[in-house]
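First up is the structure itself, then whatever we jot down about it.
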């Protein structure tokens with residue numbers, strides 16, 4: 627009988643205690659990109675719901691975790707889309723060189739540009755998309771990247787130069803942001819499920835979009 631692998635415990639309670647979380651239980655982390663995306667999104671939704679109850683006074687810096695969690699969910703969904711295309715579009719040697727670059731890329735706009743031809747080629751089959759998903763992603767990605775192109779701004783008050791990471795007197799509304807992003811995330815999640823149910827057809831347009839991943 628095959629012996630079960632050891633469980634790596636990190637601040638864990640005794641086995642079967644409620645609150646314990648078993649992470650990476652499938653042992654296939656690249657398949658968990660959308661799982662992580664969903665859960666970062668869900669955490670953001672919980673914070674938004676908490677503020678909707680108006681029991682915590684002003685929001686101000688309390689908006690930052692919401693902005694970061696939603697931003698990270700978008701990044702993970704985009705990486706899931708690009709990864710799926712890369713696996714079936716470029717050869718194994720190129721893939722080994724490409725994937726580290728994909729994981730290091732944090733610009734939503736750069737990832738959206740890579741994902742655009744994949745979405746464009748496949749979105750016609752999904753009535754819910756109406757051909758608009760790629761444009762919505764590019765719009766929101768460019769607006770977020772204008773403030774946070776490196777997944778840094780919403781996490782630290784200062785940048786590497788020691789100046790403010792966020793512009794002076796920066797105002798946002800977490801409910802407006804959530805409303806705009808949530809609709810897009812619904813479609814991104816649906817699109818990722820769609821990709822899992824079919825094989826992506828390789829095309830010159832997709833290869834061109836992925837070119838930056840496997841060039842030095």
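Numbering (this note's numbering), first residue to last: 627 to 842. No residue lacks a Cβ here, since even glycine has one placed at the ideal position from N, Cα and C.
For residue i, tell me which candidate among the options has the shortest Cα-Cα distance.
i	options	result
residue 810	773, 642, 640 and 766	766
residue 725	709, 717, 739 and 735	709
residue 670	691, 747, 648 and 687	691
residue 820	711, 786, 785 and 717	711
residue 700	732, 723 and 781	732
Between the beta-carbon of residue i and the beta-carbon of residue j, is there less than 8 Å?
i	j	result
residue 704	residue 741	yes
residue 585	residue 734	Nothing about residue 585 can be read from this structure; the chain reaches only from 627 to 842.
residue 696	residue 802	no
residue 646	residue 639	yes
Would you kindly work out how many angstroms separate the C-alpha atoms of residue i and residue j, rounded to a whole number?
i	j	result
residue 788	residue 794	14 Å
residue 759	residue 663	17 Å
residue 698	residue 629	37 Å
residue 730	residue 736	12 Å
residue 634	residue 761	42 Å
residue 687	residue 668	19 Å
residue 679	residue 813	27 Å
residue 659	residue 644	25 Å
residue 816	residue 714	20 Å
residue 648	residue 654	14 Å
residue 785	residue 764	25 Å
residue 683	residue 796	19 Å
residue 769	residue 632	45 Å
residue 665	residue 743	26 Å
residue 717	residue 672	41 Å
residue 822	residue 652	17 Å
residue 636	residue 642	15 Å
residue 747	residue 681	46 Å
Report all residues from its chain with a CB closer than 8 Å to the CB of residue i; omit the five preceding and five following residues, and keep chain order.
i	result
residue 798	689 and 693
residue 685	677 and 800
Since residue i contacts residue j with CB under 8 Å, what's their CB separation in whole angstroms?
i	j	result
residue 804	residue 674	5 Å
residue 818	residue 706	5 Å
residue 790	residue 783	7 Å
Looking only at its own chain, which residues have a Cβ that is under 7 Å from the Cβ of residue i, when we skip the five neighbours before and after it?
i	result
residue 779	773, 791 and 792
residue 656	709
residue 781	694
Which residues in the same chain as residue i place their Cβ atom closer than 6 Å to its Cβ, once the five residues preceding and following it in sequence are excluded?
i	result
residue 745	759 and 760
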